[in-house]
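Trainee: Structure provided below as structure tokens; questions to follow.
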Amino acid sequence: MRMAAERGLELELDSAGTGDWHVGEPPYGPMQAAGRARGYDLSQLRARQVSVSDFNDFDMILAMDGQNLRDLRALQPEGARAELGMFTQHLNGGDVPDPYHTRDFDGALALVEEAAERLLDALVS
């Protein structure tokens, strides 16, 4: 949110998974620690699963990897307004490696920050 605010943008942002794993739970402890080290407080976040209404409540829904993008496309109702794409579409278009598996929480956050900067630059240009 602070990156958007620095550009004078008011955005409604949310996060949701395509599966129901960990619904209602806070982010994984090592991810919270990596976030704190970068100035983010993730402690109030709770996991939720994407819902059909999300496809009309949001203008964009961005996936962190190709499998989730395919899952989102399968879930998206016909005629829904949300544009689907990769979170990294203005960076390299590739997957954000899942830090739960790679254990590289700081690297994942660095990639997310860079992709977010590029996305916001594209939104204001």
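Take 13 as the starting number for the sequence shown in the numbering used here and just add one per residue.
Ideal Cβ positions, reconstructed from N, Cα and C, are used throughout, including at glycine.
Give me the Cβ distance between residue 12 and residue 117, rounded to the nearest whole Å; I'm assuming they're in contact under 8 Å.
Mentor: Since the first residue shown for the chain is 13 and the last is 137, residue 12 is missing from the structure and cannot be characterised.
Trainee: How would you write the range of the beta strand (DSSP E) that residue 13 sits in, first residue to last?
Mentor: Position 1 of the sequence shown holds residue 13. No beta strand (DSSP E) holds residue 13; DSSP gives it neither H nor E.
Trainee: Just list the alpha helix (DSSP H) runs in the stretch 48-72, keeping only unbroken ones of 4 residues or longer that don't cross its boundaries, in chain order.
Mentor: Here the runs fully enclosed are 66-69.
Trainee: Taking the C-alpha atoms as reference points, what is the distance between residue 63 and residue 131?
Mentor: The residue given as residue 63 occupies position 51 in the sequence shown. The residue given as residue 131 occupies position 119 in the sequence shown. C-alpha separation (whole angstroms): 23 Å.
Trainee: Just how far apart, CA to CA, sit residue 67 and residue 112?
Mentor: What you label residue 67 is simply residue 55 of the sequence shown in a count that begins at 1. What you label residue 112 is simply residue 100 of the sequence shown in a count that begins at 1. Going from the Cα of residue 67 to the Cα of residue 112 covers about 27 Å.
Trainee: Among the candidates 92, 96, 54, whose CA atom is the shortest distance from the CA of residue 80?
Mentor: The residue given as residue 80 occupies position 68 in the sequence shown. When each option's Cα is compared against that of residue 80, the closest is 96.
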